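K.L.:
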Ligand SMILES: [Zn+2]
Ligand SMILES: [Zn+2]
Ligand SMILES: [Zn+2]
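Residue numbers (the numbering used here): 8 to 425.
1. For ligand 1, enumerate in chain order all residues having a CB closer than 5 angstroms to any of its heavy atoms.
2. Assuming residue 406 and residue 337 form a contact by the criterion Cβ under 8 angstroms, report the distance between their Cβ atoms to the nearest whole angstrom.
3. Going by DSSP in three states, residue 372 sits in which element: helix, strand or coil?
4. When every heavy atom of ligand 2 is checked, does at least one fall within less than 7 angstroms of the C-beta of residue 188?
5. Relative to the C-alpha of residue 139, which residue among 152, 127, 92, 129 is closest?
6. Under the criterion of a Cβ to heavy atom distance below 7 angstroms, does residue 231 qualify as lining ligand 3?
7. Could you tell me the boundaries of the alpha helix (DSSP H) in which residue 130 lies?
8. Find out if the Cβ-Cβ distance for the pair residue 300, residue 178 is shorter than 8 angstroms.
9. Check whether the Cβ of residue 291 lies closer than 7 angstroms to any heavy atom of ligand 3, and answer yes or no.
10. Using the DSSP secondary-structure output, state which residues sit across from residue 303 in a beta bridge.
11. Pull up the distance between the alpha-carbon of residue 289 and that of residue 253, whole angstroms please.
12. Is residue 346 close to chain C? Criterion is C-beta to C-beta, closer than 8 angstroms.
13. Closest to residue 216 by CA distance: which of 309, 374, 358 is it?
14. So, does the segment 240–247 touch the segment 343–362, judging by three or more C-beta pairs under 8 angstroms?
15. Among 285, 170, 392, which one has its Cα closest to the Cα of residue 251?
16. With a threshold of 6 angstroms on Cβ separation, who are the neighbours of residue 283 within its own chain once the five nearest residues in sequence on each side are excluded?
17. Any heavy atom of ligand 3 closer than 7 angstroms to the beta-carbon of residue 234?
18. Using only CA atoms, which one of 380, 211, 198 lies nearest to residue 363?
19. Kindly confirm or deny that the segment 139–150 and the segment 403–419 touch, where touching means at least three C-beta pairs closer than 8 angstroms.
20. Would you mind listing the beta strand (DSSP E) stretches within the segment 148–211 that are 3+ residues and don't spill past its ends, in chain order?
21. Determine the extent of the beta strand (DSSP E) in which residue 287 is found, giving its start and end residues.
22. So what does DSSP say about residue 406, is it helix, strand or coil?
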């Protein structure tokens, strides 16, 4: 399919090149995009060969906006490539019209699931957790954890809701590269495809990744702006004079009542950078006088995550939950998710609705949403009150890992004999 010819063109010839106008292209490669919710993910998801057959009964496909930017604007006489107009101009780029927003799915009941019951931590586990905590601190002693008497274990278990929206966005900009004689894939080789029509294999789901590629048939040669096509520029070291000031005598030609031996009294010496030729090879084009100009497509896959932890009504610092896992009690994955409605903790239903709404307004107009998943975790949190040497202390055991948080452990320094 790819036509690549090796040829060189002049500015005059190039100005006559125009990518032909063309109407609506066929459906872009788009495995399962906008597939109605409720369809299970199949192996076809990742298989472009099976893609077109699967989208036939889906919702209409909509191409998201393509962000265009980049200061490397082509000159005004540059050929306009349909679908890439106005890109990288003096205004700093152009935002192509956003697509129709995708459908907002209605609320659906959370599938009847587990009984949502939460087991409590045992005293043994609570003691082991505190002993491990004391041992993990270099100065703490663990005898208090060994000897303490439990007073009360109070559960403050809570839930975490997590929404992940996996998106693909495509950005285009003009870039230049030194021309080294390689083949030039110009509009004469074929019609440049629209940004979202370029088939690209989706990498692993819910994993961030970025990819760069030249848009086919958008390459052209132009005169190097740094040397104006000559291939050489004036030597910066000697400013085109071919000579530089002598570094021994600092240009005076003399050394303590004697003639400078380095420059033989001239005060200057020949420029080693240009070998006194006054010119150097242009770095912009490596001396060829031409540079390659093409549209670069940057594809970014991003997993956008929102998390919410339901109120646990305790003084435990909620942000510590970020470091631990919970017990996954619910999980769903779709192209487009619906908010949860009947989870026993109302704040989780609300969080689900808010997060989905936020992701919808944030990502659906600027990127292609490939898949969403959300989950609810049960987060264990127990406040343990204990007595040691007649005094009352407390600590929290949290997460599946039984981590400990406390600000009043009695043996914080091993130097003090207690
Ligand atoms: Zn000198
Ligand atoms: Zn020089
Ligand atoms: Zn140049």
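Cβ coordinates follow ideal geometry from the N, Cα and C atoms, glycine included. In this text the structure is predicted, and so the values were computed from the model without any measurement.
P.N.:
Straight from the coordinates:
1. 253, 255, 256, 267, 269, 270
2. That belief does not hold up - the Cβ atoms of residue 406 and residue 337 are roughly 18 angstroms apart, past 8 angstroms.
3. coil
4. no
5. Checking every option, the nearest Cα to that of residue 139 belongs to 152.
6. yes
7. 130–143
8. no
9. yes
10. For residue 303, which the question treats as bridged, DSSP gives the partners 180, 221.
11. Roughly 26 angstroms separates the two Cα atoms.
12. Protein chains in the displayed structure number just one, and chain C is not present.
13. 309
14. no
15. 285
16. If we look at residue 283 and ignore the five residues flanking it on each side, its Cβ neighbours are 249, 277.
17. yes
18. Among 380, 211, 198, the Cα nearest to that of residue 363 belongs to 380.
19. yes
20. 156–162, 165–185
21. 286–288
22. coil
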